[in-house]
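Chemist: Numbering (my numbering), first residue to last: 58 to 307.
C-beta atoms are modelled at their ideal positions from N, C-alpha and C, and glycine is treated no differently.
No experiment lies behind these values; they were computed from the predicted model shown.
(1) Quick one: grab the DSSP three-state call for residue 59.
(2) The alpha helix (DSSP H) with residue 103 in it runs from where to where?
(3) For residue 130, report the span of its alpha helix (DSSP H) as first-last.
(4) In terms of alpha-carbon separation, which member of 124, 136 and 278 lies closest to residue 176?
(5) Where residue 145 and residue 197 are concerned, what is the direct C-alpha to C-alpha distance, given to the nearest angstrom?
(6) Go to residue 155, then tell me how far its alpha helix (DSSP H) extends in each direction, as first and last residue.
(7) If I follow the unbroken alpha helix (DSSP H) through residue 112, where does it start and stop?
(8) Specify the secondary structure class of residue 22 as computed by DSSP and reduced to three states.
(9) On the three-state DSSP scale, how would you describe residue 126?
(10) Short of 6 Å in beta carbon distance, which residues of its chain neighbour residue 169, apart from the five on each side in sequence? Order them along the chain.
(11) Find out if the Cβ-Cβ distance for the pair residue 153, residue 140 is shorter than 8 Å.
(12) Kindly list the residues whose CB is nearer than 7 Å to the CB of residue 149, restricted to its own chain and excluding five residues on each side of it in sequence; keep chain order.
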């Protein structure tokens, strides 16, 4: 619940004409506020304050209109100014209460808690402030507990990852055996210098002899297969490169 001031009807006689104007405008703001026309009520309260900047009730209700428009920072500024200037204990207490609600809407729980405490320091019998204070403290405690649990969970996951990493650094016998087989295969695939010499001799012989039609077809087929393989690899590479409130109704 956001607290709201209904303007008093009685006026000091010698100040009647001036105050009547500002209060009439503020009452228009109250009517718009009650209709849910918070932007219009804001305009009225600001007009009222243009008549009298020290009109505290209009300041207080202006902060409410801003709150309803979810302009919490602006509402907080108005309330802080009012808290620092008013000499009325009840108005200051209610301003702290609404200040707490603004902070609570923004999930600024420590600030909300402080504001409700300040309200209760002035008016210890304010049960709504006491309830909101308890609610804010409970939410903050739950958040802190959740953060602590999350931290423990993160630490546990990091320790588990470290264990996995350490175990992975030690090769198993199977890994060693696989490595040996791979080394053996690589050794078998290495070219023998003598093989190169023999291939060169063979090529020299081919260059000096007429190739038969059958041999020519075999070579062309081999070259074609090799070209197809290269094109297939190129296609694969291209494919890879292209895929990548609280305003609780207190």
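Modeler: Answer, in terms of the structure:
(1) Annotated three-state conformation of residue 59 is coil, per DSSP.
(2) 95-108
(3) 129-142
(4) 136
(5) Those two C-alpha atoms are separated by around 31 Å.
(6) 146-162
(7) That residue, residue 112, is in no alpha helix (DSSP H); it is neither H nor E in DSSP.
(8) Lying before the first or after the last residue shown, residue 22 is absent from the chain, which here runs from 58 to 307.
(9) coil
(10) 157, 160, 161 and 193
(11) yes
(12) 140, 143 and 179
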